[in-house]
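Residue numbering for the sequence shown follows the working numbering, beginning at 139 and increasing consecutively.
Below: one structure, written as structure tokens.
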Amino acid sequence: MPTYSSVITGTGHHLPKRVIANSYFEDKLDTSDEWIITRTGIKQRYFADHEETTSTLGIEAAKKAISDSGVALSDIDLILVATSTPDLTFPSVATQIQAGLGIEKGCAFDIQAVCAGFVFAVANANALIKAGEATKALVIGTETFSRILDQKDRSTCILFGDGAGAIVLEKTEVVDDGKQAGILATDLNSNGRYRELLYVDGGVSSTQTTGYLRMQGREVFRHAVNKLVSSSERVMNKANLDTIDWAVPHQANFRIIQQTSQRLNLDKDKVILTLDKLGNTSAASIPISLSITNQEGKFKPGDIILSHAIGGGFCWGSFVFRWQ
Ligand code: UT7
139 MPTYSSVITG TGHHLPKRVI ANSYFEDKLD TSDEWIITRT GIKQRYFADH
189 EETTSTLGIE AAKKAISDSG VALSDIDLIL VATSTPDLTF PSVATQIQAG
239 LGIEKGCAFD IQAVCAGFVF AVANANALIK AGEATKALVI GTETFSRILD
289 QKDRSTCILF GDGAGAIVLE KTEVVDDGKQ AGILATDLNS NGRYRELLYV
339 DGGVSSTQTT GYLRMQGREV FRHAVNKLVS SSERVMNKAN LDTIDWAVPH
389 QANFRIIQQT SQRLNLDKDK VILTLDKLGN TSAASIPISL SITNQEGKFK
439 PGDIILSHAI GGGFCWGSFV FRWQ
């Protein structure tokens, strides 16, 4: 009996038009370009204009990923969207993107695991493909975090940006040659005990407002490094790997990435950094970074790539895959 896995065959990303440099905040708040760069590594981010929404950014990223993969739109039978900033309470962003692409078959739904959302979406798409429920999936991370930022809170509003990234995941037969391209292992975790360290203070059922993001940054930082390291070690063990060619981590803070990479003994030249130009785009940060790195031609066939992320909840996890 053949067994199946899924392989990434295309990537794409799309960013809003409006670039927001650190100086934008210097004019409004008691902060500085120097503080933001030294403490976070962020130099600029993108904020969506009124006509740009989570679904419109996602549609553009999806189109580019589909074109990169060469898959026919009519063959896509699963759309998973990781987001915490949907256009509407319902229907899902995934069904809005499905309609925007003119797809009418298969299923489409959203996954909400905040900044870890894309990791959760990849693991779920891979599991559905392995179970025989889908053959060609679009997995998208798309966010407009600028809409939930308290622009008077200097400890959070300087961190986040908007954008969308997408991949195409295709069913592939597992060959037992030690060089299997595709998703090799996934690791997902949540612990709601930490929900008050990073949350949004509004919502449909509680306040009937959208609310603003609230975070105890220093505490989140401490948990982030430990949890990203342990998840990455678990996923590498599951895949029987002891080295990787590239790490494409969630982009929250340069110092988190640096400390995590050091603990995992990763060479800094192997760690992809995009947050200087993008800020933290939450669930979109990994797929945008994958797409940018792919466009730059850095990934070579057979390369082993590790991605990990942590976000509100907490939810955290990782996946490791071989580039085809
Ligand atoms: O993607 C989801 C997960 N999110 C994260 O992983 C974010 C994790 N946390 C972080 O990245 C960092 O904790 C921050 C960048 C949010 C903050 O950096 P920090 O080095 O942990 O700073 P801190 O919170 O300990 O604050 C140090 C000082 C404080 O002043 P006092 O109390 O020492 O006088 C803050 O009030 O820096 C102050 N501060 C600022 N100063 C200038 C906080 N924000 C700013 C600011 N500009 N924007």
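In this text, a Cβ means the ideal position worked out from N, Cα and C, and glycines have one as well.
This one's a predicted model, so the numbers in the text were calculated from it and none came from an experiment.
State the beta-bridge partners of residue i as determined by DSSP.
i	result
Lys-436	Paired residues: none, contrary to the question.
Arg-285	Arg-285 pairs with nothing; no bridge assigned.
Arg-183	Ile-158
His-151	Gly-303
Trp-454	Asn-327, Ile-448
Val-313	Looking at the DSSP assignment, Val-313 forms no beta bridge with any residue, so it has no partner.
Leu-416	Paired residues: none, contrary to the question.
Trp-384	Ile-443
What's the gap between the Cα of residue i and the Cα of residue j?
i	j	result
Ala-259	Ala-421	10 Å
Ser-212	Gly-244	10 Å
Gly-378	Leu-444	Going by the sequence as given, residue 378 is Asn instead of Gly. Going from the Cα of Asn-378 to the Cα of Leu-444 covers about 13 Å.
Arg-393	Arg-177	7 Å
Gly-340	Thr-381	43 Å
Tyr-337	Leu-287	11 Å
Val-157	Asp-300	10 Å
Ala-232	Gly-270	20 Å
Leu-195	Ile-448	22 Å
Asp-187	Cys-253	22 Å
Arg-352	Arg-292	11 Å
Thr-147	Ala-265	17 Å
Phe-369	Leu-402	According to the sequence displayed, residue 369 carries Ser and not Phe. About 11 Å.
Kindly give me the distance between the Cβ atoms of residue i and residue j, rounded to whole angstroms, as I take these residues to be in contact under 8 Å.
i	j	result
Leu-413	Gly-255	17 Å between Cβ atoms; not a contact.
Gly-451	Gly-330	6 Å
Lys-408	Ala-385	6 Å
Phe-517	Ser-222	This structure cannot settle anything about residue 517, because the visible part of the chain is limited to 139 through 462.
Ile-395	Leu-411	7 Å
Ile-424	His-388	6 Å
Ala-263	Ser-143	That pair is no contact at about 11 Å.
Mapping the DSSP letters down to three states, classify residue i as helix, strand or coil.
i	result
Ile-319	Correcting the residue type first, residue 319 is Ala in the shown sequence and not Ile. Of the three classes helix, strand and coil, the one that applies to Ala-319 here is coil, per DSSP.
Gly-208	coil
Asn-262	helix
Met-139	coil
Lys-359	The amino acid occupying residue 359 in the given sequence is Phe; Lys does not appear at that position. Reduced to three states, the DSSP call for Phe-359 is helix.
Asp-300	strand
Glu-371	helix
Phe-228	coil
Glu-334	helix
Ala-220	strand
Ser-429	helix
Leu-351	strand
Ile-278	strand
Glu-308	strand
Ala-199	helix
Within 10 Å of its beta-carbon, does residue i have 16 or more other beta-carbons around it, so buried, or fewer, so exposed?
i	result
Asp-168	exposed
Leu-153	buried
His-446	buried
Met-139	exposed
Val-342	exposed
Ser-193	buried
Ala-323	buried
Pro-224	buried
Asn-375	exposed
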